[in-house]
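If you want the numbering used here, it's the position in the sequence shown, counting the first as 1, plus 751.
Heads up, the beta-carbon is just placed ideally off N, CA and C, and yes, glycines get one too.
First up is the structure itself, then whatever we jot down about it.
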Amino acid sequence: MGIYYVDGNFVAEDEAVLPVSDLAILRGYAVFDFLRTYNGLPFHLEAHLKRLRNSAALIGLACPWSLEELSDIVGKTLSKNDYHESNIRLLITGGDSEDSISPGQKPRLLVMVRPVAPHPEIWYEQGAKIITARLNRYIPGAKSTDYIRAIVTLKDAEAAGAIESVYVNKDDQVLEGTTSNLFAVRDNKVITPSDDILPGITRDVLLEILKPQFPLELRPVSREELLSSDEVLIASSTKEVVPIVQVDDQIIGDRRVGPVARKVMEMFRDYTDNYGKP
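Right under this line is the structure:
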């Protein structure tokens, strides 16, 4: 049984609750961030905490906790759990409201720690399928709890035998997945959308470690260009780097994991294996 941090207290996982009067429950008014540990250390914790605070600012949600306070709470919550590697979810809720819609002055903070659960190895060895969906995230720079559209389109993905759904805007440009960022490979160049997306921490890490070996392009990517790419990848804190061999009904490359994808996965694994080591 895990231990969570809930509104100033450490409680057993099965005792972690929010009042039904909280705006996170009444109106879905909350932001969150998610990361995991490598070698027991939170992966780029400061970047995740800065994104959490920025998400709150973008939707007008108060965040009275400093980066140092948030970091300290994360560290204490981790220390109260005993997992080999951990997933960490932080949630800032709207708190109670006098009229059940206007934010009050006392947001709540939750930190939830769970063991990392690996995804199927076949995703990484043989590649996976994604679908596209004509959707846009509301305030894409904010990682809010407004996931209704994402959940609906993920059900469509599951029905199609896919592991993710990628948003496509009105201009036919692909943006990002429901819980991942997108990369296309053309002529050995790694291309990733840069506008109207959530700034992914794993995405930023990949761009930094790939820079010495691959030409990088941060720019709009049309759905047509994606479908005709040599290789496609998605990346996130939970999935890490997954090679994609099919988008909708279109086979990517020759339906095998390509050389760039294999190299990217190798470089990311080497980076995480050595994370925090001297």
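Can you name, in chain order, every residue of its own chain whose Cβ lies under 7 Å from the Cβ of residue i, other than the five neighbours on each side?
i	result
Thr929	Ala901, Thr904, Leu905, Glu915, Ser916
Gly779	Thr896, Asp897
His799	Asp784, Leu786, Ile952
Lys990	His870, Ser931
Lys831	Ile754, Phe761
Thr1023	Tyr789
Cα-Cα, which of the options is closest to residue i?
i	options	result
Gly892	Pro994, Glu820, Arg802	Arg802
Val998	Leu777, Ser945, Val925	Val925
Ala775	Gly753, Arg859, Val1011	Arg859
Arg888	Pro963, Ile882, Ile948	Ile948
Leu969	Lys962, Pro944, Leu978, Glu959	Pro944
Lys921	Leu886, Pro793, Ala911, Gly759	Leu886
Ser988	Lys940, Val941, Leu978, Leu933	Leu933
Val956	Asp981, Leu841, Ala986	Ala986
Ala913	Val936, Arg937, Ile881, Asp938	Ile881
Quick one: residues in its chain with C-beta nearer than 6 Å to the C-beta of residue i, no 5 flanking neighbours on either side, listed in chain order?
i	result
Phe1019	Val992
Arg1006	Val996
Ala813	Pro858
Glu836	Thr788, Val867
Val1008	Gly878, Pro994
So is residue i buried or exposed if we call it buried at 16+ other beta carbons inside 10 Å?
i	result
Val768	exposed
Tyr875	buried
Arg954	buried
Val782	buried
Ala884	buried
Asp850	exposed
Ile852	exposed
Ile899	exposed
Kindly identify the DSSP beta-bridge partner or partners of residue i.
i	result
Leu774	Answer is none; Leu774 lacks a bridge partner.
Lys880	Gln997
Phe785	Arg840
Ala935	Ile942, Val983
Asp847	Asp773
What residue range is occupied by the uninterrupted beta strand (DSSP E) comprising residue i?
i	result
Ala763	760-763
Val864	859-866
Ser916	915-919
Val925	924-928
Glu968	967-969
Would you mind reading off the limits of the alpha helix (DSSP H) that contains residue i?
i	result
Glu959	952-961
Arg1020	1010-1024
Lys940	First-last for Lys940: 940-943, but that is the beta strand (DSSP E), not the alpha helix (DSSP H).
Ile754	Looking at the DSSP string, Ile754 is not in any alpha helix (DSSP H); the run it does join, the beta strand (DSSP E), is 754-757.
Gly826	818-830
Quick check: is the beta carbon of residue i nearer than 9 Å to any beta carbon in chain C?
i	result
Asn790	Here chain C cannot be found, since the structure has a single protein chain.
Please go through the same chain and pick out, in chain order, the residues whose beta-carbon is closer than 8 Å to the beta-carbon of residue i, but skip the five residues on each side of it.
i	result
Leu792	Tyr1026, Gly1027
Arg974	Thr883, Val919, Asp923, Gln924, Val925
Val972	Gln924, Val925, Leu933, Ala935, Ile942, Thr943, Pro944
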